[in-house]
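Numbering (this note's numbering), first residue to last: 3 to 395. Just below is one structure, and these are the notes that go with it.
Here's what the structure looks like:
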C-alpha cells in the first residue's frame, strides 16, 4: 500500500466523523492526481465556493480540523493529498466534485435533490454488501437504499452489479449507490474495495458479508475441489471482509465517541443445525458463527458490533430457483428429498417444513439487519430468521 493511500485511509474517515457531529454526513474524496487543478484557489473558482485548506502530517491536520470545525464548510483541501466534500446530501457533493475531477463521474447523476426531511437509523450510513448484485444481496441493497443508506454493491458480477447501481442512481435521491468489483476470496481485492469505498463515500459504517456459495452432495459424492471452493468463499471470504474493514471502523470510532460500526454476516439456518448431504455449506456456516462470536469479543471494546443473521430458505432467489444450478435442482439430483421426482416436489417438501408456511423473504432479513444496526447492546449473536423452522434452546 503506497503512502498516499495510507494517508487517505487515516484522514478521510476521521475527518468525516469530526465534521458529522450529531448528524452523520457522507461525501466523496478526490485524490490529488485526479484533480483538474491542484491549487486550492483555482479549485475554489471551479466550485464557485470557498474551501478550507489544511497542511501537515495526518495527526496535525486532524487536530486543526477538530479545533476549527465550526468554521469549516462542506469542502476541505488537504495539501498534497486531495479534496474532500462532506454533506448530508451525497448527490449534491457528487455533482459539485464532478466539476473538479479530471474524469467526471457526474454525467450519470441526477441534479442535486433536497435533503430528506425524515431521518432514520440508516440515513447517510455507508453500507457495503458483498455478493450484492443478485439474490439476498440485491434485495438488501434495494431496501437499504430506499431507507436512505449510501450503498456499495461489492460483487464479482460486473454486469449485474453495474446494472443495479445504475438503476438505484436513476432515482432522485440524496443518497447514492456504487458498484465496486470485489472478490471476497482475495484479501487484496477486499482491501482495495474498502479503499475505493472511502474515496466514493468518505467512510464505511456497515459491512454486510453476504457473498456465499453452496455445493450439495454426500461425503462420497462431493469432490475436494467443491469443498475447498465453498470453504474459500464462505469462511475465508468472511475473514477477508472483516480484516479489510476493521481498520477503517476503528479510525472512525476513535474520532466519534458515540459512533458504532457494524459487521453483519448473512449466515444461514444451516449454521444453526446440520444439513443432510450439505456438509460443506453447513460446516462453513457453523464456522462463520465461530468467527462472529470471536470477532465480537475482540472488537466490542472498539465499538464494532459483529453479529450473524441466519435466514431460512429464500425460495424465490437464484440460489434456490436457478433452473441450472439452483438448490432445488441440486437437491433433486443429490436425492436429498426421498421420493422427489421434480423440482416442484423438492420445493413443496421444504415449504412444508416451515411453521410459517413459506420461505424467508428479503424484507424478513432486512428487519433483522435494521435491528442489529439500531441497537447498541448486542453483539456476537446468531439471529434466526426462519419462520420457526429453527428455534434456539
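Here a beta-carbon is modelled for each residue, glycine too, at the ideal position from N, C-alpha and C.
- Beyond the five residues adjoining it in sequence on each side, residue 53 comes within less than 8 Å, by CB distance, of 42, 45, 46, 75, 77, 78, 79, 85 in the same chain, given in chain order.
- Of the residues assessed, residue 227 falls on the exposed side of the cut-off, its CB having fewer than 16 other CB atoms within 10 angstroms.
- Taking every protein chain shown into account, the CB of residue 245 has fewer than 16 other CB atoms within 10 angstroms, so this residue is exposed.
- Boundaries of the beta strand (DSSP E) around residue 310: 306-313.
- Residue 154 is positioned such that its CB atom lies closer than 8 Å to that of residue 131.
- Under a 10 Å Cβ-count criterion, residue 344 is classified as exposed, with fewer than 16 other Cβ atoms of the shown protein chains found around its own Cβ.
- Under the Cβ criterion (8 Å, minimum of three pairs), the region 359-372 does not count as touching the region 287-305.
- Fewer than three Cβ pairs drawn from the region 319-339 and the region 373-387 lie within less than 8 Å of each other, which leaves the two stretches out of contact.
- Judged by their CB atoms, residue 283 and residue 272 are nearer to each other than the 8 Å cut-off.
- At the C-beta level, residue 82 and residue 29 stay beyond 8 Å of one another.
- In the displayed model, residue 257 falls within coil according to three-state DSSP, outside both helix and strand.
- Taken in chain order, the unbroken stretches of beta strand (DSSP E) that lie wholly in the region 45-118 and span 3 residues or more are 54-56, 77-80, 84-89.
- Residue 183: member of the beta strand (DSSP E) spanning 179-183, first to last residue.
- Beyond the five residues adjoining it in sequence on each side, residue 162 comes within less than 7 Å, by CB distance, of 135, 136 in the same chain, given in chain order.
- In the structure shown, the three-state DSSP call for residue 147 is helix.
- In the three-state reduction of the DSSP assignment, residue 21 falls in the helix class.
- Per the DSSP secondary-structure output, residue 386 pairs in a beta bridge with 312.
- DSSP places residue 33 within a strand segment (E or B) once states are collapsed to three.
- Bridge pairing for residue 267: 211, 310 [DSSP].
- Counting only residues of its own chain and dropping the five nearest sequence neighbours on each side, residue 237 has a CB closer than 6 Å to the CB of 286, 289.
- Residues of the same chain with a CB within less than 8 Å of the CB of residue 341, apart from the 5 flanking positions on each side, are 347 in chain order.
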